[in-house]
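Numbering (our numbering), first residue to last: 195 to 559.
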Amino acid sequence: MPPRTSRAIVQTAPRRLELRELPVPDIDDDSGLVRIEACGICGSDAEQYAGVLPVRLPVVPGHEPLGIVERIGDRAAKRWRVDVGDRVAVEAPIPCGRCAACRGGRYQVCRARGFLFGHGYVPLSEPPGLWGGYADYMYLDACSIVHRVRKEIPAAIAVMFNPLGAGFRWAVDIPRTGPGDTVLVLGPGQRGLASVIAARAAGADTIIVTGLGRDAPKLALAKEFGADHVIDVEAEDARQRVRELTGGHGADVVVEVTANAPEPIAEALHYAATGARIVLAGVKGFKAVPEFVSDLVVVKELTLVGAFAVTSRGYEAAIRLIESGRVPLERMHTHDFPLEDAERAIQTLAGEVPGETSVHSCLRP
Ligand SMILES: [Zn+2]
Ligand SMILES: [Zn+2]
């Protein structure tokens, strides 16, 4: 039996986290409770922490949870095909399942219960409060979406379903990447590396990754995961390098996953081949893009697509890849933090802790 209360990190204001004890909720026929084994730390967690995301406070953050089903309602067990003791990866969105977006297969943009209604984003004021993964226990709503993951995989690796799922959706599914495509990934963070892994798995031809000088270790990792070329945009003329590496054509697919900086979006238009697909997935704190030359979109007939979150197809591909053991994912995992160190975990990921470079990191309650 789970205890009556659960430790949880609560964000009360921008840059303010508190460790609290919250009541563990009862569940009904349609809901469940997971004991969190690991919760991934995301680039957007740093933005949520800084207060630039429109999230209502106070809230238990954490939208990349992996855990063991501790309690489950009968109907929920049938619907999710999981039982007590199973390990599950939980998707962030909690869609309504009935609105036009959900019925049209675009549940990740469901707004029926409000913007950003999902694990890690629903405020404490909404019962039962334990909605986020920065806690010992998390509530599963009737509309939560879970995927079973084999238990032999170390939790720190299994929890990579989230960034890897993003790689499959953003670098493969959305731009329809396949054999023969040159894929350019802007930004070598965990999502950039996941994009390399996914594009490689999808049979992309040439993969190029850009980063800054301080990203050298991450660019080296990108090569280990299958990138053919890396570009340090501070030391090299990136437009010229992309032209050289693509025989003058440019990239067929550009995946923009840099954090906070809007400039790479304007640059992406220069790197793109005629007819290229550009996927925008890095959030920029709602800043405008300087030097955006829209004529390049016109004359090259570019397709710019936004990618918000990940969908089940991406997660399923990621979980299969994790379970296959084919890729040395542990090379990407840099930090585990106990729950009470959530603040340091976020600051480490954001690069605010001198001497620490985080690629993939997670909380281990
Ligand atoms: Zn995330
Ligand atoms: Zn909906």
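Where a beta carbon is used, it is the ideal one built from N, C-alpha and C, also for glycine. Values in this document were obtained by computation on a predicted structure and should not be read as measured data.
Determine whether the beta carbon atoms of residue i and residue j lie at a separation below 8 angstroms.
| i | j | result |
| --- | --- | --- |
| L387 | V553 | yes |
| A240 | L557 | no |
| G405 | R385 | no |
| A202 | R210 | no |
| H257 | Y333 | no |
| I262 | Y331 | no |
| L260 | R273 | no |
| T371 | A398 | yes |
| L329 | A365 | The identity of residue 329 in the sequence shown is Ala, whereas the question assumes Leu. Not closer than 8 angstroms, so no. |
| N454 | G420 | no |
| P255 | Q302 | no |
| V504 | R292 | no |
| S555 | F531 | yes |
| G508 | G383 | no |
| S200 | V218 | yes |
| C290 | R275 | no |
| G407 | E428 | yes |
By DSSP, does residue i sit in helix, in strand, or in coil?
| i | result |
| --- | --- |
| C556 | strand |
| E241 | helix |
| M526 | helix |
| I266 | strand |
| E231 | strand |
| F531 | strand |
| S506 | helix |
| P411 | helix |
| T444 | What sits at residue 444 in the sequence shown is Gly, not Thr. Reduced to three states, the DSSP call for G444 is coil. |
| P571 | Residue 571 lies beyond the residue range present for the chain, which begins at 195 and ends at 559; the question has no answer from this structure. |
| H464 | helix |
| Y301 | helix |
| L358 | helix |
| E537 | helix |
| D426 | strand |
| E485 | coil |
| P259 | strand |
| E346 | coil |
| I402 | strand |
| G202 | Here residue 202 turns out to be Ala, not Gly, going by the sequence shown. Here A202 sits in strand by DSSP. |
| A329 | strand |
| G476 | coil |
| A386 | Going by the sequence as given, residue 386 is Gly instead of Ala. In this structure, G386 counts as helix in the three-state DSSP scheme. |
| P458 | helix |
| T371 | coil |
| R214 | strand |
Leaving aside the five residues before and after residue i along the sequence, list all residues of the same chain whose C-beta is less than 6 angstroms from its C-beta, in chain order.
| i | result |
| --- | --- |
| P348 | none |
| I288 | F311, G312, D335, C337, S338 |
| I368 | V473, V499, A501 |
| K345 | R281 |
| T400 | T376, D422 |
| E534 | L213 |
Looking at residue i and ligand 1, is the gap between the Cβ and the nearest heavy atom below 7 angstroms?
| i | result |
| --- | --- |
| S389 | no |
| E546 | no |
| C236 | yes |
| E258 | yes |
| N454 | no |
Give me, in chain order, the residues of the same chain whose beta-carbon lies closer than 8 angstroms to that of residue i; leave out the 5 immediate sequence neighbours on both sides.
| i | result |
| --- | --- |
| A445 | T376, V377, L378, I402, V436, Y465, A466, A467, A470 |
| I516 | V343, I347, I351, A352, M354, F355, L358, L523 |
| E450 | L380, G381, P458, I459, A462, I472, V473, L474, A475, G476 |
| D277 | V263, I266, A271 |
| A432 | T404, I425, E461, Y465 |
Say yes only if the C-beta of residue i is nearer than 7 angstroms to one or more non-hydrogen atoms of ligand 2, and no if none qualify.
| i | result |
| --- | --- |
| A306 | yes |
| G291 | yes |
| A503 | no |
| A393 | no |
| Y301 | yes |
| A286 | no |
| C296 | yes |
Can you find a CB in chain B that lies within less than 8 angstroms of the CB of residue i?
| i | result |
| --- | --- |
| V284 | In summary, chain B is missing from the structure at hand, where a single protein chain is found. |
Short of 7 angstroms in beta carbon distance, which residues of its chain neighbour residue i, apart from the five on each side in sequence? Order them along the chain.
| i | result |
| --- | --- |
| I513 | A283, H341, V343, F355 |
| V390 | V379, I401, V403, A416, F419, G420, A421 |
| A536 | I203, L211, Y328, L557 |
| A207 | L251 |
| P317 | R250, L251, P252, V253 |
| K481 | P456 |
Any 3 or more C-beta pairs closer than 8 angstroms across the segment 458-471 and the segment 243-250: no
contact_flag[the segment 217-227, the segment 258-272] where n(CB pairs < 8 angstroms) is 3 or more: yes
Cβ contact (3+ pairs, closer than 8 angstroms) linking the segment 535-544 and the segment 412-425: no
Validate contact between the segment 485-495 and the segment 323-335 using beta carbons, cut 8 angstroms, 3 pairs: no
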